[in-house]
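Single-structure report; data block below.
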Ligand SMILES: C[S@@+](CC[C@H](N)C(=O)[O-])C[C@H]1O[C@@H](n2cnc3c(N)ncnc32)[C@H](O)[C@@H]1O
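Rendered as structure tokens:
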């Protein structure tokens, strides 16, 4: 999978994706994460990416032109067709991201994620360029870089061969309906009087499985 991330701050993306699972997936060439600087697609001498909003109001709005040009450049230079690509605008007002959306996006060969900044992005990007508008939750961040990274991480771990041990996906939270994962414990069995459940040390796989199912349901019920 290729993930292009359009941003005014490509360093944030490059840094954050150079560790752990995302780093190893890129080394194995199962995943390519390509930060694209929106500023590189400006046409004027001052490389202006944002202007005050029409109608007045606070802050600056990202101009449509450099974003349209950046996406057109990616599609053309990488020979990407609209069918094997999703163009996502990160936006606080978008559809709230969940595991089901991550599973569906993990089937795509190419993702183009557009990170806004300041007061946001000219609406023509949402209406005429993006195929989806996605939010990572009902709160406002300063920029779309962290939301883009959240999507990239959640989607990438569902792409075949990204995780070293894909069996861990089976029991993970939200993989099975809305169930969250059962509680996990490791050594020591007794930490300052706080004990790991005996059943997990029993070696009885059937009982362990039943305990995990019960605990998973309990944890899910508490959240609802
Ligand atoms: C300061 S925010 C703009 C907020 C906008 N004025 C509003 O009220 O919805 C700047 C950028 O951060 C990103 N952003 C902020 N919160 C987000 C969220 N919850 N989910 C996804 N992206 C978000 C978007 O790309 C947005 O264009």
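Residue numbers (full-length UniProt numbering): 1 to 224. Even glycine gets a Cβ: it sits at the ideal position worked out from N, Cα and C.
Report task. Locate the beta strand (DSSP E) running through residue 32, then write down its first and last residues. Result -> Taking the chain shown and counting its residues from 1, one reaches residue 32 at position 32. That run of the beta strand (DSSP E) goes 32-37.
Query raised in the report: Any Cβ of chain E within less than 7 Å of the Cβ of residue 164?
Result: In summary, chain E is missing from the structure at hand, where a single protein chain is found.
Query raised in the report: If you pair each beta-carbon of the stretch 148-165 with each one of the stretch 103-115, do three or more pairs fall below 8 Å?
Result: yes
**Report entry** For residue 62, the residue or residues it bridges with in DSSP
**Finding:** For the purposes of this step, residue 62 is taken as the residue at position 62 of the chain shown. According to DSSP, residue 62 bridges with 50 and 121.
Requested in this report: Report all residues from its chain with a CB closer than 6 Å to the CB of residue 117; omit the five preceding and five following residues, and keep chain order.
Outcome: Taking the chain shown and counting its residues from 1, one reaches residue 117 at position 117. Hits under 6 Å: 8 and 143.
Query raised in the report: Hey, would you say residue 147 sits closer than 7 Å to residue 90, going by beta carbons?
Result: Reading the chain shown from its first residue, position 147 is the one you call residue 147. Reading the chain shown from its first residue, position 90 is the one you call residue 90. Contact: yes.
Requested in this report: May I have the straight-line CA-CA distance separating residue 2 from residue 48, to the nearest angstrom?
Outcome: In the chain shown, residue 2 corresponds to position 2, counting from 1. In the chain shown, residue 48 corresponds to position 48, counting from 1. Roughly 28 Å separates the two Cα atoms.
Query raised in the report: Which runs of the beta strand (DSSP E) spanning at least 3 residues fall entirely within the stretch 69-134, listed in chain order?
Result: 85-96 and 110-114
Query raised in the report: Quick one: Cα of residue 63 to Cα of residue 50, how far?
Result: Along the chain shown, one-based indexing puts residue 63 at 63. Along the chain shown, one-based indexing puts residue 50 at 50. Computed Cα separation, rounded: 5 Å.
Query raised in the report: Are at least three pairs of beta-carbons, each pair with one atom in the stretch 206-214 and one in the stretch 185-196, less than 8 Å apart?
Result: no
Query raised in the report: By DSSP, does residue 17 sit in helix, in strand, or in coil?
Result: The residue you call residue 17 lines up with position 17 of the chain shown. Coil.
Requested in this report: Assign residue 45 to buried or exposed, taking buried as 16 or more other Cβ atoms, counted over all protein chains shown, within 10 Å of its Cβ.
Outcome: What you label residue 45 is simply residue 45 of the chain shown in a count that begins at 1. Residue 45 should be labelled exposed.
Query raised in the report: What is the residue span of the alpha helix (DSSP H) that residue 149 lies within?
Result: Along the chain shown, one-based indexing puts residue 149 at 149. Looking at the DSSP string, the run of the alpha helix (DSSP H) that includes residue 149 is 145-156.
Query raised in the report: Buried or exposed: residue 160, going by 16 or more other Cβ atoms within 10 Å of its Cβ?
Result: By 1-based counting over the chain shown, the position of residue 160 is 160. Exposed.
Query raised in the report: What residues does ligand 1 have around it, judged by CB closer than 6 Å to any heavy atom, in chain order?
Result: 90, 91, 92, 93, 115, 116, 117, 119, 120, 121, 135, 136, 137, 139, 140, 141, 142, 143, 144 and 147
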